[in-house]
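Trainee: Can you keep this structure in mind? I'll have questions shortly.
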Amino acid sequence: MVSLLVTVFIIQLVCHLVLTIGSKPINDLSSADMQEQTRLRREVLRLKREMNAISAQDEFSKWAKLRRQHDKAMEQHDKKAAAVSSSRSSFDTKATAIRWTCTSGLRLALQFWHAKTPVFTYPRGWFPWYIEWLLGFPRCPYGGVSINVWSTACATVIALVWDVLVYLIQSAQRGQTGTGKQQQQKKKLVLSVTVMMKIPTPRQGLKPVLATALAQTNKGPSLRPRRELSFLVTSSSPSSPRHPVRRHLPELIPIPIPIPQTTPTFPSSGLSHAQRRHASTKPEPEAELKRTPLYDLHVSLGAKMVPYAAYAMPVTYPDLSHKDSHLWTRQHASVFDVSHMVQHKLSGELAEEFLMTITPSAINEIEKHRSTLSCLLNEEGGIVDDTVISRIGKDSFYFVTNAGCREKDIAYLDQHITKFLKAKAASGDKINWHVLDHHALLALQGPESASLLQSLIFNDTDDDSLDTSLDTLYFGSSRWLQLTLPDSGMNTPSLLISRTGYTGEDGFEISIPPENGDATELATNIAKALTADSSKVRWAGLGARDSLRLEAGMCLYGHDLDEKITPPMAALGWLVGKSRRVDNPIPAFNGHHIINKQLASPKTMPERRVGLLIEKGPAAREGAEIVDPENNNQVIGHITSGSPSPTLDGQNIAMGYIKNGFHKRGTPVGVRVRKNVRKAEVAKMPFVPNKFYSRPS
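So for the sequence shown, the UniProt record's numbering puts the first residue at 1; every next one is plus one.
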């Protein structure tokens, strides 16, 4: 009967575990759908943690990628949760029936079948007759222990041992927690006593105290930038009843100690090249998000602020949804705050030649007040960043780079200026480079932007040489103009206004200089003047800006461009000036031997950037695979940007990189979206025709 004895014990143990764990967790554990839901929940939490970890420091492109992954995982989780909820009742019934059959049902069956079978026996006469009757209850003969009694004994012993184990584990945990708290209290006491024993005189200041106090702990408090840090110092003021051990010590009161922000910034007047070489623009690890001059205005308008390239930037405004804001820009006009972008001024005798060594553009052919899209190149021809360069004087240039590449670009320019001047054996004054950190930058975009801006331009009737008409300011041109602010009737300083943009619509970018080191007041007044008539113009945020640029087929650095991509691979071969497409361009530009070879023989490129139209369904997001449906869905590329197009009634559009040979317009391909391959076709870009105000041919 040894096998029966052990079987009954195991069944009782399993029954106890089932009762302890509970039926719902067991059902969830046995359900494949529930396991998948749990996996998705963990994935959502993981992505949420990663978003929170980088939101104050990392580039928005990385944050946005995580956000899309988070939203996708959340959508899958919600769908799976709905499916689980609808099938839970029937599944729970089946799971409960199976579990009961394998535990309690089996136990009852054994008790019935072996009711007369003793689990084990003992000599007659050991116990009084009534004890023997109880041990054999209900039908086991005298001298034997019935299966029912053995089951009860097993259940009792298992419950008792379980309770003892739980008690011992909880006691051990409480002991560890108590020890930790005692050590923490001891550290706090040491910290307080150290501070009180070393309070400095007013001349000494509080820095030695802070340093000494931090030295007494294993890990001092995080010195993240805040408005103030409460610290303990002594006071002789009367206090409430004190602890008997500490009542002889002076009373402790909190004193706020301001901690200065240490992140350096470049003044608008600029630093010399030599000074800049030793300046750091890297933010502190836990630094607060930076703010554009229009931050307070955005908050007052109720904008939803998100981290973007270390700045707090508006993504949407309460008066319009993302889609509505997008369509409003296409039909009317919108104002975008792009003050986070990095504005540069480069001047000097060698400025033009220097720019021609780091970009593929024919800078020497750009006329005054004309602009060109270009890119900074590394030694292998990879794109370090994309930029728009404007000539504002004979030897003066203005250009704008991406906020997310700020630190990298500044280090790049510093290194290449030093290298260039050394090769030329020229003095530092041959190139003067300034980062216009305190300038603001506004973008006015949309078909009504020209008439709106024209109504604010100051027309100086005393100066006939100044052309104030926007009819003669064509796309890619810039001009210094003044605006008249309607509320005050005052004129602004001269502003650099460029007819350009990032939406595919006619539009302007307005660079606003600081007044007394701060552009907040002037930028706010100009922004209010531009948005005064809400029937024509509205505010728009990062959300609309991203979908507008995608429809226009424009690249976003960090998504569609990086340092491994050359201009020809990115379908930007037109950035390379015709005079620069020779074996030995003068001056030579970075990576010219690779770029010009790709232009001369496109088949040497491993992949190319293309546009895609994708069938209806979930949008293809960054990272989605492009596959060849005619070759067992072999991977032939990847998506870099994608979303439904508001202008095209929700048509799924995307851009990405695809193997050479699949890049021709009309080529059918597949895109793997949420494990399903969706039909797609290589399409012409831009997806929505550009409406730039171009010079008549």
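Ideal Cβ placement from N, Cα and C applies to all residues, glycine included.
Note that the coordinates shown come from a computational prediction; the quantities given were computed from them, not determined experimentally.
Need the endpoints of the beta strand (DSSP E) that GLU132 sits in, please.
Mentor: Your numbering for residue 132 matches position 132 in the sequence shown. Where GLU132 is concerned, there is no enclosing beta strand (DSSP E), although the alpha helix (DSSP H) it sits in stretches over 129–135.
Trainee: From GLN509 to ALA82, what distance separates their C-alpha atoms?
Mentor: Numbered from its first residue, the sequence shown carries residue 509 at position 509. Numbered from its first residue, the sequence shown carries residue 82 at position 82. Strictly speaking, residue 509 in this sequence is Glu, with Gln absent from that position. If I take the Cα positions, the gap works out to 48 Å.
Trainee: In its own chain, which residues sit with a C-beta less than 7 Å from the C-beta of ALA683, not counting the 5 before and 5 after it?
Mentor: To locate residue 683, count along the sequence shown from 1; it is residue 683. Excluding residues within five positions, the ones whose Cβ falls inside 7 Å are GLY611, LEU612, LEU613 and ARG665.
Trainee: Have a look at ASP385 and ALA362 and give me their C-alpha separation to the nearest angstrom.
Mentor: Here residue 385 refers to the residue found at position 385 of the sequence shown. Here residue 362 refers to the residue found at position 362 of the sequence shown. Roughly 17 Å separates the two Cα atoms.
Trainee: What did DSSP end up calling LEU441 once you bin it into helix, strand or coil?
Mentor: Translated into positions along the sequence shown, residue 441 becomes position 441. If DSSP states are grouped into helix, strand and coil, LEU441 belongs with the strands.
Trainee: Between which two residues does the alpha helix (DSSP H) carrying ASP409 extend?
Mentor: Looking up residue 409 in the sequence shown gives position 409. It spans 406–424 - the alpha helix (DSSP H) in which ASP409 sits, taken as one unbroken run.
Trainee: Kindly indicate the opening and closing residues of the alpha helix (DSSP H) around SER449.
Mentor: On the sequence shown, residue 449 is found 449 positions in, with the first residue counted as 1. Its alpha helix (DSSP H) spans residues 449–454.
Trainee: Assign SER697 to one of two classes, buried (16 or more other C-beta atoms within 10 Å of its C-beta) or exposed (fewer than that).
Mentor: Along the sequence shown, read from residue 1 onward, the residue named residue 697 stands at position 697. Exposed, by the Cβ-count rule.
Trainee: On a CA-only basis, which of ARG672, PRO618 and SER645 is nearest ILE639? Give me that one, please.
Mentor: Residue numbering aside, residue 639 sits at position 639 when the sequence shown is read from its first letter. Ranking the options by Cα distance to ILE639, first place goes to ARG672.
Trainee: First and last residue of the alpha helix (DSSP H) that includes ASN525?
Mentor: As a working mapping, residue 525 is identified with position 525 in the sequence shown. Unbroken alpha helix (DSSP H) run through ASN525: 520–530.
Trainee: So for ALA97, helix, strand or coil by DSSP?
Mentor: Locating residue 97 in the sequence shown gives position 97, counting from the first residue. It is helical.
Trainee: Any idea what DSSP makes of ALA32, helix, strand or coil?
Mentor: Here residue 32 is taken as the residue at index 32 of the sequence shown, counted from 1. ALA32 falls in the helix class under three-state DSSP.
Trainee: Let me make sure I understand the geometry here. Which of GLY136, THR531 and ASP460 has the alpha-carbon closest to that of PRO486?
Mentor: For this step, residue 486 is matched to residue 486 along the sequence shown. Here the closest residue by C-alpha is THR531.
Trainee: Give a yes or no on contact between the stretch 374–390 and the stretch 591–598, applying the rule of three or more CB pairs nearer than 8 Å.
Mentor: Yes: at least three Cβ pairs fall under 8 Å.
Trainee: Provide the residue(s) that pair with LEU561 in DSSP beta bridges, ordered along the chain.
Mentor: Position 561 of the sequence shown, counted from the start, is the residue given in the question as residue 561. Partner(s): TYR557.
Trainee: Where does GLN634 sit, in a helix, a strand or coil, going by DSSP?
Mentor: Here the question's residue 634 lines up with position 634 in the sequence shown. Here GLN634 sits in strand by DSSP.
Trainee: Since LEU376 contacts THR359 with CB under 8 Å, what's their CB separation in whole angstroms?
Mentor: Working through the sequence shown from its first residue, we reach residue 376 at position 376. Working through the sequence shown from its first residue, we reach residue 359 at position 359. That pair is a contact at about 6 Å.
Trainee: Buried or exposed: where does TYR398 fall if 16 or more other Cβ atoms within 10 Å of its Cβ makes it buried?
Mentor: Taking the sequence shown and counting its residues from 1, the one referred to as residue 398 is at position 398. Buried, because 16 or more other Cβ atoms sit within 10 Å of the Cβ of TYR398.
Trainee: Mind checking which residues open and close the alpha helix (DSSP H) that includes GLU124?
Mentor: The residue given as residue 124 occupies position 124 in the sequence shown. Looking at the sequence shown, residue 124 is not Glu but Arg. Taken as a continuous stretch (DSSP letters only), ARG124 belongs to no alpha helix (DSSP H), as it is neither H nor E.
Trainee: Please state whether DSSP places LEU376 in a helix, a strand or coil.
Mentor: Locating residue 376 in the sequence shown gives position 376, where the first residue counts as 1. The answer is strand: DSSP assigns LEU376 an E or B state.
Trainee: What is the DSSP secondary structure of GLY144, reduced to helix, strand or coil?
Mentor: Within the sequence shown, the letter at position 144 stands for residue 144. Residue state, collapsed to three classes: strand.
Trainee: What whole-angstrom Cβ distance do HIS439 and ILE512 have, given they're in contact under 8 Å?
Mentor: The residue labelled residue 439 in the question sits at position 439 within the sequence shown. The residue labelled residue 512 in the question sits at position 512 within the sequence shown. With a Cβ gap of about 6 Å, HIS439 and ILE512 count as contacting.
Trainee: Assuming SER300 is part of the alpha helix (DSSP H), what are its boundary residues?
Mentor: Along the sequence shown, read from residue 1 onward, the residue named residue 300 stands at position 300. Unbroken alpha helix (DSSP H) run through SER300: 295–300.
Trainee: Hey, how far is the Cα of THR117 from the Cα of CYS140?
Mentor: As a working mapping, residue 117 is identified with position 117 in the sequence shown. As a working mapping, residue 140 is identified with position 140 in the sequence shown. Rounded to the nearest angstrom, the two C-alpha atoms are 6 Å apart.
Trainee: Mind checking whether VAL537 and LEU452 have CB atoms under 8 Å apart?
Mentor: Reading the sequence shown from its first residue, position 537 is the one you call residue 537. Reading the sequence shown from its first residue, position 452 is the one you call residue 452. Yes, these two residues count as a Cβ contact at 8 Å.
Trainee: Does the stretch 545–557 come within contact of the stretch 634–652, defined as at least 3 CB pairs closer than 8 Å?
Mentor: At 8 Å Cβ cutoff, the stretches touch.
Trainee: Nearest CA to the CA of HIS16: which residue from THR372, GLN445 and ALA153?
Mentor: Translated into positions along the sequence shown, residue 16 becomes position 16. Residue ALA153 is the option with its Cα nearest to HIS16.
Trainee: Leaving out five residues on either side along the sequence, give the residues of the same chain with a beta carbon under 8 Å from the beta carbon of VAL582.
Mentor: For the purposes of this step, residue 582 is taken as residue 582 along the sequence shown, with counting starting at 1. The answer, listed in chain order, is ASN596.
Trainee: Tell me whether GLU515 sits in a helix, a strand or coil according to DSSP, three-state version.
Mentor: Stepping through the sequence shown from its first residue, residue 515 is reached at position 515. DSSP places GLU515 in strand when its eight states are reduced to three.
Trainee: Answer with buried or exposed for ARG131, where buried requires no fewer than 16 other C-beta atoms within 10 angstroms of its C-beta.
Mentor: The residue you call residue 131 lines up with position 131 of the sequence shown. Note that residue 131 is Ile in the sequence shown, not Arg. So ILE131 counts as exposed.
Trainee: Nearest to LEU556 by alpha carbon, out of SER427, ILE658, THR401 and SER171?
Mentor: If you number the sequence shown from 1, residue 556 lands on position 556. Measuring from the Cα of LEU556, the nearest candidate turns out to be THR401.
Trainee: Just checking my contact of THR500 with LEU456 at CB under 8 Å: how many whole Å lie between their CB atoms?
Mentor: Here residue 500 is taken as the residue at index 500 of the sequence shown, counted from 1. Here residue 456 is taken as the residue at index 456 of the sequence shown, counted from 1. Between LEU456 and THR500 the Cβ distance is about 18 Å, and since that is not below 8 Å, they are no contact.
Trainee: Considering LYS304, what are the terminal residues of the beta strand (DSSP E) in which it resides?
Mentor: Against the sequence shown, residue 304 aligns to sequence position 304. Note, LYS304: beta strand (DSSP E), 304–308.
Trainee: Excluding sequence positions up to five away, which residues of its chain have a Cβ less than 8 Å from the Cβ of LEU327?
Mentor: Counted from its first residue, the sequence shown places residue 327 at position 327. Answer for LEU327: PRO646 and THR647, listed in chain order.
Trainee: Check whether the stretch 306–323 touches the stretch 513–526, taking contact to mean three or more Cβ pairs, one atom from each stretch, closer than 8 Å.
Mentor: With the cut-off at 8 Å, the stretch 306–323 and the stretch 513–526 do not touch.
Trainee: Assign PRO238 to one of three DSSP states: helix, strand, or coil.
Mentor: As a working mapping, residue 238 is identified with position 238 in the sequence shown. Because the pLDDT of PRO238 is 38, which lies under 50, any placement of that residue in the model is unreliable, and the question is left without a value.
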